[in-house]
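**Q** Before anything else, here's the structure in question.
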Amino acid sequence: MATSSAVRRASFDASTAVSAAIVLLLAALVLMPLFWLAVTSFSNDAKAFTLAHYRQLVADPAFAKPLWTTLWTSAAVGLGCVGAAAPMAWLVSRTDLPGKRAWRTLILASFVTPPFLGAFAWVLLGGPNAGLINQAYYALRGVKPFDAAPLVDIFSAWGMVFVMALYTFPYVFTFAANALDAIPGDLEEASAILGAPPWRTALHITLPLVLPALLGGFLVAFLQAMTLFGTPAILALPAGVDTMTTKIWSLFQFPPQLGLAAAASLPLLVITVVLLRAQAAIMGRRGYSVIGGKRGSAGQAVRLRGFTLPAVALFVFVLGCSIFLPYGVLARTAFLRNWSAPLAGNLSLEHWRFVFLEFSQTRLALFNTFVLGVSAATAGTILVTLVAYLSLRRLVWGHRYLAFLATAPVAIPGIVLAVGLFLSYTHPPLVLYGTLAIIFLAYVTKELPVGYQQVTSSIRAVHPELEDASRILGATRLRALFDITTPLIRNGVIATWIFIFIGSIRELSATILLFTARTKTISVTMFDLRESNDWGPIAVLSLTMLAITFVLIAVVHHFTNARLR
Amino acid sequence: MRTTRIAALAAALFACAVAMQALAQETTPAMLAAAAKEGKVVWYTAVDVKVAEAVAKVFRAEYPQIALEVERSGSERVFQRINQEFQSNIHNVDVVNSSDASHFLLWKQQKLLAKHVPPDVQRFAAQYKDPDGYYAVWRASLSVMGYNTNLVKPDEAPKGYRDLLDPKWKGKLVKSHPGYSGTSLTGTFALEKVLGWDYFEKLARQAVQQLQSTTAPPKSIASGERAVMVDGNEYNMFIEIQAKSPVKIIYAVEGTPFVTSPTAIFAEAPHPNAARVLQNFLYTAKVQQLLVNEGGLRSVHPDVKEPADRTPLKDIKLLPDDPVAMLPQVAEIKKRYTAIFGN
Chain X
3 MATSSAVRRA SFDASTAVSA AIVLLLAALV LMPLFWLAVT SFSNDAKAFT LAHYRQLVAD
63 PAFAKPLWTT LWTSAAVGLG CVGAAAPMAW LVSRTDLPGK RAWRTLILAS FVTPPFLGAF
123 AWVLLGGPNA GLINQAYYAL RGVKPFDAAP LVDIFSAWGM VFVMALYTFP YVFTFAANAL
183 DAIPGDLEEA SAILGAPPWR TALHITLPLV LPALLGGFLV AFLQAMTLFG TPAILALPAG
243 VDTMTTKIWS LFQFPPQLGL AAAASLPLLV ITVVLLRAQA AIMGRRGYSV IGGKRGSAGQ
303 AVRLRGFTLP AVALFVFVLG CSIFLPYGVL ARTAFLRNWS APLAGNLSLE HWRFVFLEFS
363 QTRLALFNTF VLGVSAATAG TILVTLVAYL SLRRLVWGHR YLAFLATAPV AIPGIVLAVG
423 LFLSYTHPPL VLYGTLAIIF LAYVTKELPV GYQQVTSSIR AVHPELEDAS RILGATRLRA
483 LFDITTPLIR NGVIATWIFI FIGSIRELSA TILLFTARTK TISVTMFDLR ESNDWGPIAV
543 LSLTMLAITF VLIAVVHHFT NARLR
Chain B
27 MRTTRIAALA AALFACAVAM QALAQETTPA MLAAAAKEGK VVWYTAVDVK VAEAVAKVFR
87 AEYPQIALEV ERSGSERVFQ RINQEFQSNI HNVDVVNSSD ASHFLLWKQQ KLLAKHVPPD
147 VQRFAAQYKD PDGYYAVWRA SLSVMGYNTN LVKPDEAPKG YRDLLDPKWK GKLVKSHPGY
207 SGTSLTGTFA LEKVLGWDYF EKLARQAVQQ LQSTTAPPKS IASGERAVMV DGNEYNMFIE
267 IQAKSPVKII YAVEGTPFVT SPTAIFAEAP HPNAARVLQN FLYTAKVQQL LVNEGGLRSV
327 HPDVKEPADR TPLKDIKLLP DDPVAMLPQV AEIKKRYTAI FGN
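As they're listed, the protein sequences go chains X and B. Here the first sequence is numbered in the working numbering, starting from 3 and rising by one per residue. Here the second sequence is numbered in the working numbering, starting from 27 and rising by one per residue.
Following this line, the structure appears as structure tokens:
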């Protein structure tokens, strides 16, 4: 028995050591890039202290203008998202809108569509002259391109705002829909009983109750828009409009202006931290409204009657623009020799043949993307599972730091993280630039918060008593984790793995600064093809990426449903 | 005295012989065996990706034992990537092709290139090869204007660059970027001497769509997205015309920039023998004729024949490239251009 207790003591120490090791690992992962970012932003070429980079940032209109563009376009995206998503969430949650399930599924589909794929598709749809929407518009009016103003000009700051909003509104929708689902219907029912018409109830009772969620959603949409790289590079650069992310990217052209790039990253970082704190404060205060029982039965849904058509039209418009039209145009382009010409005599498999048989980048990029996706998802899942477990059970030293470090990357925009990683790993002791390892670190770090949230909610569902029982029977803490808890949270862990995998294979904004010829991914290969307007191959790669994503989501769906059974 | 002179002469002759041997490096069975052992060769090129892959396809058929990896980007981007990689001590590239000929001057000065003269290059005219044997012109093209024939009638098409300042072209123009493309850079350098920066400032007010690669504007006007291109590759225009796209080339009255695009092997190439096999292959009459016939390019190989339907170079007013004069101005040109047109 003495030996058994000694073993237990030793293994208890082991889990403390594991915890301490993970704290150090996370600190290195998350804090080191930020440390080098700060140091570099204050250093001149002779490595002496300077404020010159910040001075240039403030004084040079070449930076002031992109910063202003970034701020107003992100705000416009936030407002657009709230404007569309708030009524959509209300319609899905409170009314007798037909096809609610289908709409929710489709909103999920636009959520997982890589935003830069949407931007590619919208070049083909909304190019002012050859874009298919404008071609149809000119044909309808019986005029030739250039003889009249286009219906949409996607190559503009507003075009960029529109496309960003199409793939950002699902965040706001989810926030609002969750809030609506959580709010008990009592107050609304009381309002209805007292004779208020539905619109009045919605405006005076429901809206104030979900306002915090909408504000939170606005801030998240703002942040999403601010940190995107692909969409502004594809849609705004051709119109001569820069945002902060495209500006930072251009500073990385050789010879890289690292001090300036680091200094230019700082506003993005500061804005993100401030907005996330604001969001936490706003969302945290929501508690006041959620007193009372569950919402009543479905029978009390607001009847839309004559408004059904406009309501459905709203969904058709938003999802048409974010899913149907883009997917349609990508599928069309992939099978046409000339994407802007009519179908007749234009059908061809040449782009498929080129991408999968001739283009030497395809195999390398697919391989790299796959290796990065699998390794980042595996390492990330193991890491967040350990972190979530240790920080939730609060048993060992460091659990407070663990949760903080695992969620901190949410405040680091992808391109800023990439600048920090580049600065950390292009010099000794650890030179990782040029290897897949540096991109791997970027993906793991970037996906930590999402994975952590996902696993945390799974572990919360497992009562510690089960582990205690195993511990009483002599199992070590780590053994209890692997033998008892892990099987119980298996589905959550698998879902986490797939989420990180999907997040990794679509990553562009960090990869664009970190890749080299040997370490290209599918996303940067597509970005390279864009610079020479090779839309056919881009469409083929887009469809491939979408197919992989949706197959994996079907797998997640299968596992999460299995859990319910 | 006499003996020393004879000795000196003998030494000079010997040096010449050695040099000749070093210069004429045909693909021998020994070189091929060594290349097969290396198994791979990495080629960074600025030529249009489909042209590059067409060349690669022929190479793979001829040398199945050597895996050829093609990395395509704009010349300036290729240059930046190589510098960034070398600075980080990454040696991935074996053979490089760039349409900014000044890159080769710089790399040669920095002693980054390997001396190698493919057999075919020995017969090239002197102005198309480095006298010291480090690089030679692999392909040439023109940076041309062009238009979409569905959108612009031939008699209304602009005749030259100055015509593009007419208000009627506002919002209809597309051009490439000298910060990305070597052809665009070379063209901008040549045109600036004729037209001045003042011209580019006026042009920027015409709401020009700014693309990156010179391979892109021909595709843009072929799709009808813009009506007239300010600069784009002549060879992409020939490819579009062969594919029956509604486009036509304009050789501007002010002159058309002629852009040579050399190829070289890096001294620290990870696959030095395979690099030499590839380099020799790239200059063969067969590949050069392929570049001309299918790629729409111009070749400086003496045996290559131009298709009859293409305007011969002698009938075009050319603005020849001048990499020596351009080299010290490259950074300034990019900076000024970006200030006017954006990134």
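All C-beta atoms in this analysis are idealised placements derived from N, C-alpha and C, irrespective of residue type, glycine included.
#1: Could you tell me which chain B residues have their CB closer than 7 Å to the CB of residue 252 of chain X, listed as they occur along the chain?
#2: Less than 8 Å between the CB atoms is what I'm expecting for residue 220 of chain X and residue 84 of chain X, so what's the real figure, rounded?
#3: Any beta carbon from chain B within less than 9 Å of residue 536 of chain X's own beta carbon?
#4: Going along the chain, which residues of the segment 328-347 of chain X sit with their C-beta nearer than 9 Å to a C-beta in chain B?
#5: Along the chain, where does the alpha helix (DSSP H) containing residue 238 of chain X start, and where does it finish?
#6: Looking at the C-beta of residue 361 of chain X, does it have a partner C-beta in chain B at a distance below 9 Å?
#7: Between residue 382 of chain X and residue 236 of chain X, what straight-line distance do the alpha-carbon atoms span, to the nearest angstrom?
#8: Less than 9 Å between CB atoms is the rule here; does residue 258 of chain X satisfy it with respect to chain B?
#9: Measuring CB atoms only, is the segment 158-165 of chain B touching the segment 286-306 of chain B, in the sense that at least three cross pairs come out at less than 8 Å?
#10: Residue 271 of chain B and residue 534 of chain X look like a contact to me (Cβ under 8 Å); what is the Cβ gap, rounded to whole Å?
#11: Listing by chain order, which chain X residues have their CB less than 9 Å from the CB of residue 118 of chain B?
#12: Could you tell me whether the Cβ of residue 199 of chain B comes closer than 9 Å to any Cβ of chain X?
#13: Considering just the uninterrupted stretch of the alpha helix (DSSP H) at residue 2 of chain X, what are its terminal residues?
#14: May I ask you to list, following chain order, the residues of the segment 129-157 of chain X that have a beta carbon less than 9 Å from some beta carbon of chain B?
#15: For residue 49 of chain X, would you say it is in contact with chain B, using Cβ-to-Cβ distances shorter than 9 Å as the test?
#16: Starting from the beta carbon of residue 116 of chain X, find every residue of chain B whose beta carbon is closer than 7 Å, and list them in chain order.
#17: With distances taken from CA atoms, which of X:368, X:547 and X:164 is nearest residue 319 of chain X?
#18: So for residue 485 of chain X, helix, strand or coil by DSSP?
#19: With respect to the beta strand (DSSP E) encompassing residue 509 of chain X, which residues constitute its N-terminal and C-terminal limits?
#20: Are the CB atoms of residue 143 of chain B and residue 51 of chain B nearer to each other than 9 Å?
#21: Looking at the secondary structure, which residues open and close the beta strand (DSSP E) in which residue 254 of chain B lies?
#22: Between residue 191 of chain B and chain X, is there a C-beta pair that is closer than 9 Å?
#23: Check each residue of the segment 237-248 of chain X: if its Cβ is closer than 8 Å to any Cβ of chain B, include it; give the result in chain order.
#24: What whole-angstrom Cβ distance do residue 177 of chain B and residue 250 of chain B have, given they're in contact under 8 Å?
#25: Between which residues of its own chain and residue 32 of chain X is the CB-CB distance below 7 Å, once the five residues before and five after are set aside?
#26: Can you give me the Cβ contacts of residue 413 of chain X inside the same chain, cut-off strictly under 8 Å, excluding the 5 residues immediately before and after it?
#27: Is residue 54 of chain B close to chain X, meaning its C-beta is less than 9 Å from at least one C-beta of that chain?
#28: When you compare the CB of residue 255 of chain X with every CB in chain B, is at least one pair closer than 9 Å?
#29: Is residue 267 of chain X helix, strand or coil by DSSP?
#30: Counting beta carbon pairs with one atom in the segment 201-217 of chain B and one in the segment 355-369 of chain B, are three or more of them shorter than 8 Å?
#31: At 4 residues or longer, and completely inside the segment 222-299 of chain B: list those alpha helix (DSSP H) runs for me, N to C.
#32: If you draw a straight line from the C-alpha of residue 215 of chain X to the C-alpha of residue 189 of chain X, how long is it?
#33: Check whether the segment 421-436 of chain X and the segment 32-52 of chain X are in contact - that is, three or more C-beta pairs closer than 8 Å.
#34: When the distance is taken between beta carbons, is residue 541 of chain X closer than 9 Å to residue 335 of chain X?
#35: Does DSSP classify residue 70 of chain X as helix, strand or coil?
#36: Run the proximity test for residue 96 of chain B: is its beta-carbon closer than 8 Å to any non-hydrogen atom belonging to the ligand COA?
**A** In this structure, then:
#1: For the purposes of this step, residue 252 of chain X is taken as the residue at position 250 of the first sequence. Listed along chain B, the residues sitting closer than 7 Å to residue 252 of chain X by beta-carbon distance are 369.
#2: Position 218 of the first sequence, counted from the first residue, corresponds to residue 220 of chain X. Position 82 of the first sequence, counted from the first residue, corresponds to residue 84 of chain X. Going by Cβ atoms, the distance from residue 220 of chain X to residue 84 of chain X rounds to 5 Å, so yes, they are a contact pair.
#3: Within the first sequence, numbered from 1, the residue matching residue 536 of chain X stands at position 534. Under the Cβ criterion of 9 Å, residue 536 of chain X is counted among the residues facing chain B.
#4: Residues of the segment 328-347 of chain X with a C-beta atom less than 9 Å from some C-beta of chain B are 339, 340, 341, 342 and 343, listed in chain order.
#5: Residue numbering aside, residue 238 of chain X sits at position 236 when the first sequence is read from its first letter. Bounds of any alpha helix (DSSP H) do not take in residue 238 of chain X, whose DSSP letter is neither H nor E.
#6: The count along the first sequence starts at 1 and reaches residue 361 of chain X at position 359. The beta carbon of residue 361 of chain X sits closer than 9 Å to some beta carbon of chain B.
#7: Position 380 of the first sequence, counted from the start, is the residue given in the question as residue 382 of chain X. Position 234 of the first sequence, counted from the start, is the residue given in the question as residue 236 of chain X. Taking the straight line from one Cα to the other gives about 30 Å.
#8: On the first sequence, residue 258 of chain X is found 256 positions in, with the first residue counted as 1. Yes, because at least one Cβ of chain B sits closer than 9 Å to the Cβ of residue 258 of chain X.
#9: Yes, since at least three Cβ pairs between the segment 158-165 of chain B and the segment 286-306 of chain B fall closer than 8 Å, the two stretches touch.
#10: As a first step, residue 271 of chain B is located in the second sequence; it is residue number 245 there, counting from the start. As a first step, residue 534 of chain X is located in the first sequence; it is residue number 532 there, counting from the start. Their Cβ separation, rounded to whole angstroms, is 15 Å, which puts residue 271 of chain B and residue 534 of chain X out of contact at 8 Å.
#11: As a first step, residue 118 of chain B is located in the second sequence; it is residue number 92 there, counting from the start. Going along chain X in sequence order, the residues near residue 118 of chain B (Cβ under 9 Å) are 436, 518, 519 and 520.
#12: Position 173 of the second sequence, counted from the start, is the residue given in the question as residue 199 of chain B. Judged by the 9 Å Cβ criterion, residue 199 of chain B is not in contact with chain X.
#13: The question about residue 2 of chain X has no answer, for chain X in this structure spans 3 to 567.
#14: Across the segment 129-157 of chain X, CB contacts with chain B closer than 9 Å involve 129, 130, 131, 132, 133, 137, 146, 147, 148 and 157, in sequence order along the chain.
#15: Numbered from its first residue, the first sequence carries residue 49 of chain X at position 47. False, the Cβ-Cβ gap to chain B never drops below 9 Å.
#16: One-based indexing of the first sequence puts residue 116 of chain X at position 114. What residue 116 of chain X touches in chain B: nothing, since even the nearest Cβ is about 21 Å away.
#17: What you label residue 319 of chain X is simply residue 317 of the first sequence in a count that begins at 1. The shortest C-alpha separation from residue 319 of chain X is found at X:164.
#18: Numbered from its first residue, the first sequence carries residue 485 of chain X at position 483. Residue state, collapsed to three classes: helix.
#19: Looking up residue 509 of chain X in the first sequence gives position 507. Note, residue 509 of chain X: premise wrong, no beta strand (DSSP E); not H, not E.
#20: Sequence index remark: in the second sequence, residue 143 of chain B carries index 117 (1-based). Sequence index remark: in the second sequence, residue 51 of chain B carries index 25 (1-based). Against a cut-off of 9 Å, the Cβ pair of residue 51 of chain B and residue 143 of chain B comes out as a contact.
#21: Position 228 of the second sequence, counting from 1, holds the residue named residue 254 of chain B. For residue 254 of chain B, the enclosing beta strand (DSSP E) has its first and last residue at 254-259.
#22: Counted from its first residue, the second sequence places residue 191 of chain B at position 165. So, not an interface residue.
#23: Residues of the segment 237-248 of chain X whose Cβ lies closer than 8 Å to any Cβ of chain B, in chain order: 239, 240, 241, 242, 243, 244 and 248.
#24: Taking the first residue of the second sequence as position 1, residue 177 of chain B is located at position 151. Taking the first residue of the second sequence as position 1, residue 250 of chain B is located at position 224. Your pair residue 177 of chain B and residue 250 of chain B checks out as a contact, with CB atoms roughly 6 Å apart and the cut at 8 Å.
#25: As a first step, residue 32 of chain X must be located in the first sequence, where it is residue number 30. Sequence-distant partners of residue 32 of chain X (beyond 5 residues in either direction) whose C-beta falls short of 7 Å from its own C-beta, in its chain, are 407, 410, 411 and 447.
#26: Position 411 of the first sequence holds residue 413 of chain X. If we look at residue 413 of chain X and ignore the five residues flanking it on each side, its Cβ neighbours are 271, 274, 275 and 278.
#27: Translated into the one-based positions of the second sequence, residue 54 of chain B becomes position 28. Contacts with chain X at 9 Å (Cβ-Cβ) do not include residue 54 of chain B.
#28: Taking the first residue of the first sequence as 1, we reach residue 255 of chain X at position 253. Among the CB atoms of chain B, one or more fall inside 9 Å of the CB of residue 255 of chain X.
#29: Taking the first sequence and counting its residues from 1, the one referred to as residue 267 of chain X is at position 265. DSSP places residue 267 of chain X in helix when its eight states are reduced to three.
#30: In the pairwise beta carbon analysis, the segment 355-369 of chain B is classified as touching the segment 201-217 of chain B: at least three pairs are separated by under 8 Å.
#31: Runs found: 223-230, 242-249 and 260-268.
#32: Taking the first residue of the first sequence as position 1, residue 215 of chain X is located at position 213. Taking the first residue of the first sequence as position 1, residue 189 of chain X is located at position 187. Straight-line spacing of the CA atoms in residue 215 of chain X and residue 189 of chain X works out to 18 Å.
#33: Under the 8 Å Cβ criterion, the segment 421-436 of chain X counts as touching the segment 32-52 of chain X, having at least three qualifying pairs.
#34: Within the first sequence, residue 335 of chain X is the residue found at index 333, counting from 1. Within the first sequence, residue 541 of chain X is the residue found at index 539, counting from 1. Yes, the Cβ-Cβ distance between residue 335 of chain X and residue 541 of chain X is below 9 Å.
#35: In the first sequence, counting from the first residue as 1, residue 70 of chain X sits at position 68. Of the three classes helix, strand and coil, the one that applies to residue 70 of chain X here is helix, per DSSP.
#36: For the ligand COA, the structure offers nothing, since it holds no ligand at all.
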